[in-house]
Amino acid sequence: MRTISRQELVDWLDSDEWDGVLIDVLPEESFRDVHAAGAINVPLGDEFERRVRQAAPDKVRNVVLYCGSSQCPASQEAALKMEEMGYSRVFVFKGGLDEWQRAGLPLEGEKVEAPAFSPPGFDI
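With the first letter of the sequence shown counted as 1, position 49 gets the number 39 in the working numbering; the numbers rise by one all the way through.
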């Protein structure tokens, strides 16, 4: 399992080289409330394997997983499952949603108070 820093992730998402999927592994309720802009939700749970195959059918495509914070083990567990399923380009953003929010990066969701904004040069 490979980890990716916030700056590496931002640079990657903002580059022409990004051809991947950003996956929030938190429960659906949390995702509906707030998530990183452009992320999709594949909660870690009973349906994870089926849902991840639908969200990322290409096992060699870049996949970045995140959960709530650096203390949350869900993204690491999801990465291990994906590697067992044969995915070869799985990255974990260990800072999770907490670090994303603290950095003022774009958010989406029902509880996001202001429209998502993109810092200069950051476009998802």
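Quick reminder that beta carbons are idealized off the backbone N, C-alpha and C, glycines included.
Problem - Straight-line gap, residue 9 to residue 50 (C-alpha atoms, nearest Å) - result: 11 Å
Practice task
Go ahead and pull the three-state DSSP assignment for residue -4.
Solution key: helix
Handout entry: Every unbroken alpha helix (DSSP H) within the stretch 25 to 53, with a cutoff of 4 residues, ordered by chain
Key = Correct list: 38 to 45.
Practice task
Reducing DSSP to helix, strand and coil, say where residue 4 ends up.
Solution key: coil
Exercise for the section: Would you give the residue range spanned by the alpha helix (DSSP H) that residue 86 belongs to? Expected result: Its alpha helix (DSSP H) spans residues 86 to 92.
Exercise for the section: Taking only the alpha-carbon atoms, compute the straight-line gap between residue 30 and residue 46 and give it to the nearest angstrom. Expected result: 10 Å
Problem - Where the beta strand (DSSP E) through residue 83 begins and ends - result: Looking at the DSSP string, residue 83 is not in any beta strand (DSSP E), and its letter there is neither H nor E.
Practice task
Let me know the secondary structure DSSP gives residue 70 once reduced to three states.
Solution key: If DSSP states are grouped into helix, strand and coil, residue 70 belongs with the helices.
Exercise for the section: Answer with buried or exposed for residue 85, where buried requires no fewer than 16 other C-beta atoms within 10 angstroms of its C-beta. Expected result: buried
Practice task
Would you please state the rounded distance, in angstroms, between the beta carbons of residue -9 and residue 80? I believe it to be under 8 Å.
Solution key: 7 Å
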